[in-house]
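Working notes for the structure below.
There are 4 protein chains.
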Amino acid sequence: MSPASPPTVPPNGAPAGSPEPPPASALTHWVLTLSCPDRPGIVHAVAGLLAAHGGNITESQQFGDPLSGLFFMRVQVESASPRGELEEALAELAGRFSMTWALDVAGRPMRTLIMGSTAAHCLNDLAFRQRSEKLPVELVAVVSNHTALADLAAFYGIPFHHVPVRRDTKAQAEGRLLELVAELDVELVVLARYMQILSDDLCRALAGRVINIHHSFLPSFKGARPYAQAHDRGVKLIGATAHYVTGELDEGPIIEQDVERVDHTRTVDDLVALGQDVERRALARAVRWHAEHRVLLNAHRTIVFR
Amino acid sequence: MSPASPPTVPPNGAPAGSPEPPPASALTHWVLTLSCPDRPGIVHAVAGLLAAHGGNITESQQFGDPLSGLFFMRVQVESASPRGELEEALAELAGRFSMTWALDVAGRPMRTLIMGSTAAHCLNDLAFRQRSEKLPVELVAVVSNHTALADLAAFYGIPFHHVPVRRDTKAQAEGRLLELVAELDVELVVLARYMQILSDDLCRALAGRVINIHHSFLPSFKGARPYAQAHDRGVKLIGATAHYVTGELDEGPIIEQDVERVDHTRTVDDLVALGQDVERRALARAVRWHAEHRVLLNAHRTIVFR
Amino acid sequence: MSPASPPTVPPNGAPAGSPEPPPASALTHWVLTLSCPDRPGIVHAVAGLLAAHGGNITESQQFGDPLSGLFFMRVQVESASPRGELEEALAELAGRFSMTWALDVAGRPMRTLIMGSTAAHCLNDLAFRQRSEKLPVELVAVVSNHTALADLAAFYGIPFHHVPVRRDTKAQAEGRLLELVAELDVELVVLARYMQILSDDLCRALAGRVINIHHSFLPSFKGARPYAQAHDRGVKLIGATAHYVTGELDEGPIIEQDVERVDHTRTVDDLVALGQDVERRALARAVRWHAEHRVLLNAHRTIVFR
Amino acid sequence: MSPASPPTVPPNGAPAGSPEPPPASALTHWVLTLSCPDRPGIVHAVAGLLAAHGGNITESQQFGDPLSGLFFMRVQVESASPRGELEEALAELAGRFSMTWALDVAGRPMRTLIMGSTAAHCLNDLAFRQRSEKLPVELVAVVSNHTALADLAAFYGIPFHHVPVRRDTKAQAEGRLLELVAELDVELVVLARYMQILSDDLCRALAGRVINIHHSFLPSFKGARPYAQAHDRGVKLIGATAHYVTGELDEGPIIEQDVERVDHTRTVDDLVALGQDVERRALARAVRWHAEHRVLLNAHRTIVFR
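Chains as they are written, first to last, in full-length UniProt numbering: chain A, 1 to 306; chain B, 1 to 306; chain C, 1 to 306; chain D, 1 to 306.
Have a look at this one:
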């Protein structure tokens, strides 16, 4: 909704002498995310700024965290203003409210690199959704320490990079990954059942840009062979957790979780097979929400504006 | 968020010369719901109005329906302004935007009358939640065409009214109900497995204020004995649907639905027993959302700002 | 469990003088399904027959339907007896109990033909599960009235047959399908979002061998554009139903159903995209259970021995 | 199914010279559960024993655990044989197969004692289901270290025992509980949000007869304040776990688990309220399955013959 309402408006409700709305062709659909210390005036100030730039808000969500005292907001807005003008105005606003913010074109495919080992279900699922469900990512590379995924990557036309990892070559391999991230302007790295642990340095270098799918309902069953652990514990539901990767193994901020019912007849292998559905569902949602700028970090937790 | 941000603000971010915020004790927590034809300026105008009354927005949701061209909004706001002032300002705004709106104190228990026949699970559930989960309703009466629920009502301290219904006394019975609704300032009538069909006149008289729980996943299995119908069809999930009551049987706007898995071993009686869980869950959510003014009508569908 | 226990058994519990069990290599893992009028003696007779053939029961499920008076059973058994001997004994038993029965090698991939139009998600899902989750089917052909699925079929090495359908060529097209079913010894036909209605004759010819995925929670929203119907009705859950195809459109016996939560913000296109997950999940389960002989027909309903 | 099929049977399928079946009035519906080392012959032997006693099997489930090498079975059977005869035959069979077994009248209400502190939802739910859903338990006592539940117990006509617990009186309190268990022939103790930890001695004394509902998705968030832990970890689903109580806190065999979706807007108090639904659902199922002899212990895991 917007053009700044003039002081007076005739009964018919049409803003007096408001300029002709720009042709739709000239409009860009923006997504703005921001966060700052919570205090009066933020929503009004943001709405005012957007109104001043002929913005028409199509979606808006906000959350004030009473614990951290932080305020979070995501707004989708159509506007004819050039990016530069909007960014200038936002920078000024950010100064006043000690605000961190990001502006992107809504729906722009996020440049994404997928890392995998041998399990193909997450790669197959993401690549298929990118085609059939308009998952807003551009899959610029598949990196794997094995070659099993090469054909699948080829079928989807994604360049495949075989980067073997041995204890003595791990640093090298991570170096190669960082090179690719730089060369390909990678914005998001997805660990699609990549069975290697990233070094702390790499986690720091890519902080907030790496999503992993862990095949358990975290914090249950961290680390290796979670399905074997779950089977041994005799749980009645198995789960999967999509989370940002941090230096602490399986401790990163959770983006999405899902579960599936199992019973005593299921072997560990059954759980592994059943789990594939839960894993790809949770991962696909997390990637979509991240790519749509719906996930905001709130210390070690996430806000998901679904 | 709010008091209208003054033109300039010192770097420290504190609004220059902004008045001392009123003592929390003086603040009222309001919930405002509104809807109007979608057009630019609504959010900005609403945020401005609230800012002008020292409002601090704690929750805000909106939805523009591209099909109906209508805009819907729900805002929770803390403000020290007296009700009269807010209503006056809202009335003026409503005029400009051809807006329908409602203002209430957030969390105020809604005066609710429950109608039942013999099944106790929905009444027991609502009454228990009212106590243990702060379901924001005040249960002012239980009305039944049987006496089976009298003891349960008594245990929860809810006045019980036995209003028998025979074909020849139906009009009378509905008259009695309307009397009670008037006498007791009833805002919401809940049909908690009340096994009588309301007349069109009654539906019209209480339009938008009657919630029914139907024991099927509508539109499947309308009318009588839905579990028997579901069993005969061999469905693998049974469901329940909470909806507003209209003159068309089981065709009213859906507020909430839920399901439960069943298999071939289940008899009709099993489905009836299993269904009680789904029914009370769906009904309790619908009643909570309605009582919290989270449900807005959009023609024959609902918007639920959860 | 089995070889018929001899009259006396030494305390150690080992059958006295029982013959050496045959080498595992010689054992075949059978799955036996049967149904007959319910009466005393069936389980005992079946267990006895299997025991007499050195059968070791690894899985067994049964159901007596009080309504139809029919008894249904599924048994997995390891035995070294040649197929001929088992079938002879079963034929004799069947005579005594007016039993219909089927014997197959457990886990034998079922020869399956997939029909699709343009939507690829179900084909992609089944083909992927066949590889990664050991879905026990052999995909012998993809038949489509369009060419959109040709590449995907090729990737999975499944022969693709383009069989266009126009009103005036429909009979011809169905004739071609029946030819393929015969030529390829097809046991199961899966309508994976095939957007054509099969003729009554074809339904009869393939009765019990055609599984369709309908993109609604049947019996809601039969026929065309179920997501548009669901959106218009304002449902809060969308569903999918996998069922056997009969002459009555969308009325065949239900094998599996699943649902997914939606809200008022979802457009019809959103429902279509979200529904793809539910459709492929429900279809994959139905195909697996059918291929594992876990689905028995009980008039117009199914028994699923999961 | 049954009477032992004689060597020859006439074509009409009626067992030759089989005695008239006893009048239904004379039949008892038994539930038999057993477990023993897995080996050939068990199912056949059990079916034969029941057949020899004119048993008509109405439900039968079995599971052979490849890991423990144990076989588990649950059979419901109608028979006119006196209990003594059945038990004698079972004792003989048990000797041959090193079998542990239990025989009970199907549907017999299990004598159950409920322990609670102040939270009423689980007690209210179990007591209500006992009435409305034929939960097969007889609630013989409510024991609490507070008095908050006295009225609710009274409403349902369950004797209430106030047994305060202070550090220095804990042993005394547990002694009182054991007295009540003995006096009242208690078969099952349900910890319905009882906020005290039982001593190892008590756990041993009541091993396999105490079900606790833990308000988290175990093994996540053991110990105190699980919802606060869950909130801090930022999980997207909260859960509840019904399990047998052992000396190791929250480590007992899991009977049932369930979950509910939450998001970033939920406070710890919200989780506590939302969790009540999940807790009572999981607990009610666990109690029903235990009371119906559907739960068999397999070392530190459970087999649930649903």
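Idealized CB from N, CA, C, for every residue including glycine.
Quantities reported herein were computed from a predicted structural model and do not represent experimental measurements.
Can you find a CB in chain C that lies within less than 8 angstroms of the CB of residue i?
i        : result
Thr265/B : yes
Val287/B : no
Pro226/B : no
Ser220/B : yes
Counting only beta-carbon separations shorter than 8 angstroms, does residue i have a partner in chain A?
i        : result
His214/D : no
Asn124/B : no
Phe305/C : no
Phe160/C : no
Phe217/C : no
Pro253/D : yes
Gly17/C  : Low confidence applies here, because Gly17/C scores a pLDDT of 41, under 50, leaving its location unreliable and the question unanswered by this model.
Phe128/C : yes
Ala192/B : no
Within 8 angstroms (strictly less), CB to CB, does residue i reach chain D?
i        : result
Leu90/A  : no
Glu292/A : no
Ala47/C  : yes
Pro82/A  : no
Give the single residue among the options whose Cα lies nearest to the Cα of residue i.
i        : options                                : result
Ile213/B : Tyr194/B, His293/B, Gly234/B           : Tyr194/B
Thr100/B : Ser35/B, Gln61/B, Ala192/B             : Ser35/B
Ala286/A : Gly208/A, Tyr227/A, Lys236/A, Gln229/A : Gly208/A
Val186/C : Phe72/C, Phe221/C, Pro253/C, Val142/C  : Val142/C
Phe128/A : Arg131/C, Arg129/C, Asn124/C, Gln130/C : Asn124/C
Ala282/A : Leu178/D, Glu292/D, Leu180/D, Arg261/D : Arg261/D
Gly107/C : His29/C, His44/C, Ser132/C             : His29/C
Thr241/D : Gly234/D, Arg233/D, Tyr227/D           : Tyr227/D
Asp151/A : Glu174/C, Phe155/C, Asp151/C, Asp38/C  : Phe155/C
Glu78/D  : Asp104/D, Ser68/D, Gly95/D             : Asp104/D
Arg39/D  : Arg111/D, Glu92/D, Arg96/D             : Arg96/D
His231/D : Arg280/D, Thr169/D, His264/D           : His264/D
Ala120/C : Asp201/C, Leu202/C, Asp168/C, Glu279/C : Glu279/C
Leu93/D  : His44/D, Leu126/D, Arg111/D, Ile57/D   : His44/D
Val189/C : Glu59/C, Arg74/C, Arg288/C             : Arg288/C
Can you pull the chain A residues whose beta carbon is under 9 angstroms from the beta carbon of residue i, in chain order?
i        : result
Asn298/B : Here the premise fails: no neighbours, minimum Cβ distance about 17 angstroms.
Val75/D  : Chain A residues near Val75/D: none, gap ~17 angstroms exceeds 9 angstroms.
List the residues of chain E that residue i touches, going by C-beta distances under 8 angstroms, in chain order.
i        : result
Thr302/B : In the structure shown, chain E cannot be found, because the protein chains are A, B, C and D.
Please list the partners that residue i has in chain B, where partner means a Cβ-to-Cβ separation under 8 angstroms.
i       : result
Ser60/A : Val43, Ser60, Gln62
For residue i, return the contacting residues in chain D, with the cut-off set at a CB-CB distance below 8 angstroms.
i        : result
Glu256/A : Lys236
In chain C, which residues lie less than 8 angstroms from residue i when you measure between Cβ atoms?
i        : result
Pro164/B : In chain order: nothing, as chain C lies at least about 35 angstroms away.
So which residues of chain C does residue i contact, with C-beta pairs closer than 9 angstroms?
i        : result
Ser132/A : Ala119, Ala120, His121, Asn124, Ala273, Gln276
Ile197/D : In chain order: nothing, as chain C lies at least about 38 angstroms away.
Ser68/B  : Residues of chain C passing the Cβ test: none, with the nearest at roughly 11 angstroms.
Using a C-beta cutoff of 8 angstroms, does residue i count as contacting chain B?
i        : result
Arg281/D : yes
Val210/C : no
Met71/C  : Sequence check: residue 71/C is Phe here, not Met. With 8 angstroms as the cut-off, Phe71/C does not count as an interface residue toward chain B.
Val245/C : no
Ser144/C : no
Please compile the residues from chain D whose C-beta is within a distance smaller than 7 angstroms of the C-beta of residue i.
i        : result
Phe155/B : Phe155
Sufficient close CB pairs (3 or more, under 8 angstroms) joining the region 62-81 of chain B to the region 283-301 of chain B: yes
Mind the definition here: the region 272-281 of chain A touches the region 99-115 of chain A only if three or more C-beta pairs lie below 8 angstroms; say whether that holds. no
Any contact between the region 158-166 of chain C and the region 250-270 of chain C? By contact I mean 3 or more CB pairs, one from each, below 8 angstroms. no
Counting Cβ pairs, one atom from each stretch, are 3 or more of them under 8 angstroms apart for the region 245-254 of chain D and the region 85-104 of chain D? no
Every unbroken alpha helix (DSSP H) inside the region 211-262 of chain C [4 residues or more]: 226-233
What are the start and end residues of each continuous beta strand (DSSP E) run of 3 or more residues lying completely inside the UniProt domain "ACT" (31-110) of chain D, in chain order? 56-65, 70-79, 100-105
Is it true that the region 44-60 of chain B meets the region 74-92 of chain B, where meeting means three or more beta-carbon pairs spaced less than 8 angstroms apart? yes
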